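Numbering (UniProt numbering), first residue to last: 1 to 385.
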Amino acid sequence: MEQDEEIPELVEAPLEAPGTTGDDGDSRVPLTILTGYLGAGKTTLLNYILTENHGRRIAVIMNEFADTADIESRTINVSSDTGLTEEVLELANGCLCCSVKDSGAAAIEKLMRKKGKFDYILLETTGVADPGPIAAMFWQNEELASDIYLDGVVCVIDSVFGARQLEERREGWINEGLRQLACADVVLVNKTDLATPSQLASLDALIAEINPTVPRFSTQMGMVNLDQILGLRAYERFSMIPTAFVSTDAPCDDDHDHDPSHSHPHPSGHLDDVSSCVLALPSLTVDQLSRLDEFIRSLLWDNVLLRADASELTADFEILRCKGLFASDGKPFVLQGVRNIYDINAVQGDDMTVPNGKIAFIGRGLGDGHVLIECLQRYLNIISS
Ligand SMILES: Nc1nc2c(ncn2[C@@H]2O[C@H](COP(=O)(O)OP(=O)(O)OP(=O)(O)O)[C@@H](O)[C@H]2O)c(=O)[nH]1
């Protein structure tokens, strides 16, 4: 197999390893979730990362079903048994590969007993996994918060079969590919060597329809500049999202004038009823910021939309992901939401301005997004009349 030829020799890891405190004094270990549909190229990407000279000592968690674990482990040359197993091996390029196989936080807790031996964690999910609950678990886990932080969710999509996978209907629930894309902080459109230009174009349009602000990169065999996928701090600094908002502005047929209160819905109608909508936000006053917080909390926690008079409208929505970047009181703020967990924080330490604030929602049942967008505009009192 072509892939096996590139796998480096494994040697035993040294007993002692240097400390993990980074330049910024943060001793927590970043965790990146690698997701993507069956066969999209997650393990290939993992191999690529493990064999690159990035200077990181990486621990790998394979969140795999037992019956495929053996195949996976052989692909990355880490032997395993079924159940919770652990191997700490040093790859020839100095990268530490510590593989733990388990489905939950228990794997991380066990892994953290080896704290100091690695400074990055990659978690590869199964091809049919919904990364939402996994991301939420690591993002807001109080017990793990002093040890790790969620750096980002990287979604690998097969450029030949990806569109078909996203469009596959599931009666009564949302297909896995859509859930994975909805959660993504970065998308790698992989296997571009096999796709036609028209396949690439239609897949790109679908990706933009579902996750209009996600940065996306074309790859072959998962080869990507690692700075695009690791060390993002996507849930803390939102450092790459401003670029994404600028460079991948959602496709829109209407010819509007970018009025800051202009809503930007993207009708779907297919894709298991999953769609997205984006609202341009002007700079918010302190009061509007607090009203935004109330609105998001009611939407995500109680599934209700707040009307301008604070009365509630029951929403038949399922919000999978929301994110935003906007100014308030002269400072940049970030909204991050995965399912019903969310945070609105001032951006720390980044010297940046927000000329065009935006907020994006991805979910089921949004339709063209106008009900949600209008309620939000009215609640914040930013609707243009
Ligand atoms: N031609 C081509 N083949 C690729 C590329 N990336 C991965 N492959 C091949 O696609 C197959 C599946 O890749 P994997 O990395 O195992 O995919 P995966 O997402 O880990 O698969 P599951 O674990 O089953 O979900 C392998 O045979 C890879 O060698 C690519 O860019 N181009």
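Glycine included, each C-beta is placed from N, C-alpha and C at the ideal position.
Every value quoted in this text rests on a predicted model; they were computed, and no experiment measured them.
Under 6 Å: does the beta carbon of residue i sit that close to some heavy atom of ligand 1?
i: G55; result: no
i: L38; result: yes
i: K42; result: yes
i: K191; result: yes
i: L372; result: no
i: Q336; result: no
i: G127; result: yes
i: M62; result: no
i: I140; result: The residue you asked about is not Ile; residue 140 is Gln in the sequence shown. Not so, every heavy atom of ligand 1 lies at least 6 Å from the Cβ.
i: M221; result: yes
i: L230; result: no
i: L50; result: no
i: L194; result: yes
For a test of the three-state rule: what should DSSP assign to residue i, helix, strand or coil?
i: P30; result: strand
i: L284; result: strand
i: V347; result: coil
i: T44; result: helix
i: M112; result: helix
i: G162; result: helix
i: Y149; result: strand
i: F317; result: coil
i: G132; result: helix
i: R291; result: helix
i: M137; result: helix
i: Y120; result: strand
i: R233; result: coil
i: V186; result: strand
i: S311; result: coil
i: Q220; result: coil
i: V371; result: helix
i: T51; result: helix
i: I382; result: coil
i: L366; result: coil
i: L376; result: helix
i: C277; result: strand
i: A195; result: coil
i: L306; result: strand
Which whole-angstrom value is the C-beta distance of residue i and residue j, which I expect to be below 8 Å?
i: R170; j: V189; result: Actually they are not in contact, since the Cβ atoms of R170 and V189 sit about 23 Å apart, beyond 8 Å.
i: F326; j: L281; result: 4 Å
i: A129; j: V154; result: No, A129 and V154 are not in contact; Cβ-Cβ is about 13 Å, not under 8 Å.
i: V286; j: D329; result: 6 Å
Ignore the nearest five residues each way along the sequence and tell me which others in residue i's own chain have a CB closer than 7 Å to its CB.
i: L150; result: L31, A135, F138, W139, Y235
i: E52; result: L226
i: G365; result: D273, D316, F317, E318
i: M223; result: Y48
i: R321; result: A182, C183, G337, V338, I362
i: H54; result: L226
i: V160; result: K191, L194, A195, Q199
Who are the near neighbours of residue i in its chain, counting only those whose CB is closer than 6 Å to its CB and skipping five residues on each side?
i: E168; result: N175
i: S283; result: A327
i: K42; result: L34, G36, E124, V156
i: G162; result: L203
i: L38; result: G127
For residue i, which residues from the same chain have a beta carbon less than 8 Å from its beta carbon, with the 5 sequence-adjacent residues on both sides left out?
i: K331; result: A346, V347
i: S298; result: V304, L305, L306, E312
i: L144; result: A105, I108, E109, M112, F138
i: I296; result: C322, L335, G337, Y342, I344
i: P132; result: The identity of residue 132 in the sequence shown is Gly, whereas the question assumes Pro. Hits under 8 Å: R179, A182, C183, L320, R321, V338, R339.
i: L289; result: S328, D329, F333, I344
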